[in-house]
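Residue numbers (this note's numbering): 8 to 291.
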């Protein structure tokens, strides 16, 4: 699989994970999306998708799986963040949600050096190379629900603000790397069939989750097929969304809150609600 892309303007080749052509300076496509839309990627995903449909047909659950696919065509990207972080974001539309690496670089966060930090940095280097600081992470959700292990506030992104710059991976990227053998000579093929562009997210949902849909599965079950809280973050089950570039309160469609909300946060939550409404954000 090629690691280069051709500039549509000057026709010269450049590294596929560069966000602009180094020769003519014109901006390129979002690298995570370009990678997911490569012919090899789409063909591998479609093979898994077709296999999932065929298996559903054999066990008599094809109609339910087709309904699940239709539902996931409307899946949204949701971030879960602590209330104090969201309060900063809703305070002004010049506030930008900082990534893990940006926080470290500006001295706002000290990595603990634990196993998870090391695995995260290794994973992001493999998946995003030297552009890892530009990726914001979210999850696919059918109802605006996020993962409580990452925060009590669930932030749903506006499709029109993220669809063109987002890709999806079928699970937590750190866990994905742990679950798959890493061969330095074969890294380009590691993700084949396991990621997709935003437009193809429903196909990835079917490829991954088709086996969980049976004749008894109902519409009300779909949100919990696609997203489930674990007792810890490494046990969460979800499809990961990679959003390229900055996120502000203007990127947000709606905000909801975990049922596990601590009562000591009530004042902060009320402030979030009042500030968010001023930007046209819906509070659920």
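Virtual Cβ for every residue (Gly too), placed ideally from N, Cα, C. Everything numeric in this text was worked out from a predicted model, so none of it was measured.
Residue from 247, 163, 207, 206 with nearest C-alpha to residue 255
Along the chain shown, one-based indexing puts residue 255 at 248. The shortest C-alpha separation from residue 255 is found at 163.
By Cβ distance below 8 Å, which residues in the same chain neighbour residue 32 in space, the five residues on each side in sequence not counted?
The residue given as residue 32 occupies position 25 in the chain shown. Take residue 32, set aside five residues on each side of it, and no residue of its chain has a beta-carbon closer than 8 Å to its own.
When you compare each of 61, 219, 155, 247 to residue 143 by their alpha carbons, which one comes out closest?
As a first step, residue 143 is located in the chain shown; it is residue number 136 there, counting from the start. The closest CA to that of residue 143, considering only 61, 219, 155, 247, is found on 247.
Span of the beta strand (DSSP E) holding residue 251?
Reading the chain shown from its first residue, position 244 is the one you call residue 251. Where residue 251 is concerned, the enclosing beta strand (DSSP E) stretches over 247-251.
Apart from the five residues on each side of it in sequence, which residues of its chain come closer than 6 Å, Cβ to Cβ, to residue 43?
Taking the first residue of the chain shown as position 1, residue 43 is located at position 36. Around residue 43: 174, 202, 203, 204.
Which stretch, first to last residue, makes up the beta strand (DSSP E) that contains residue 101?
Here the question's residue 101 lines up with position 94 in the chain shown. Looking at the DSSP string, residue 101 is not in any beta strand (DSSP E), and its letter there is neither H nor E.
Could you please give the first and the last residue of the uninterrupted beta strand (DSSP E) stretch that includes residue 163?
One-based indexing of the chain shown puts residue 163 at position 156. Per DSSP, the continuous beta strand (DSSP E) segment holding residue 163 begins and ends at 160-164.
If distances are taken between C-alpha atoms only, which option among 243, 70, 71, 196 comes closest to residue 45?
As a first step, residue 45 must be located in the chain shown, where it is residue number 38. Residue 196 is the option with its Cα nearest to residue 45.
Pair within 8 Å by beta-carbon distance, residue 68 and residue 169:
As a working mapping, residue 68 is identified with position 61 in the chain shown. As a working mapping, residue 169 is identified with position 162 in the chain shown. No, Cβ-Cβ distance for residue 68 and residue 169 is not below 8 Å.
Give me the Cα-Cα distance between residue 21 and residue 34, rounded to the nearest whole angstrom.
Taking the chain shown and counting its residues from 1, one reaches residue 21 at position 14. Taking the chain shown and counting its residues from 1, one reaches residue 34 at position 27. Cα to Cα, residue 21 sits roughly 12 Å from residue 34.
So, at 7 Å on beta carbons, what are the nonlocal neighbours of residue 17 in its own chain, with the 5 sequence-adjacent residues on each side left out?
Residue mapping note: residue 17 aligns to position 10 of the chain shown, counting from 1. 28, 30, 31, listed in sequence order.
If you reduce the DSSP assignment to three classes, tell me which class residue 38 lands in.
Residue 38 sits at position 31 when you count from the first residue of the chain shown. Looking at residue 38 - three-state DSSP - the assignment turns out to be helix.
Every unbroken beta strand (DSSP E) within the stretch 172-241, with a cutoff of 3 residues, ordered by chain:
Within the stretch 172-241, the complete beta strand (DSSP E) runs of at least 3 residues are 173-176, 202-204.
Below 8 Å on the Cβ atoms is my contact criterion, and I expect residue 151 with residue 85 to pass it. Report the Cβ-Cβ distance as a whole number of Å.
Against the chain shown, residue 151 aligns to sequence position 144. Against the chain shown, residue 85 aligns to sequence position 78. The Cβ separation is near 6 Å, so the contact holds.
Contacts around residue 292, its chain only, beta-carbon distance under 6 Å, and the 5 residues preceding and following it disregarded
The question about residue 292 has no answer here: the residues shown for the chain are numbered 8 through 291.
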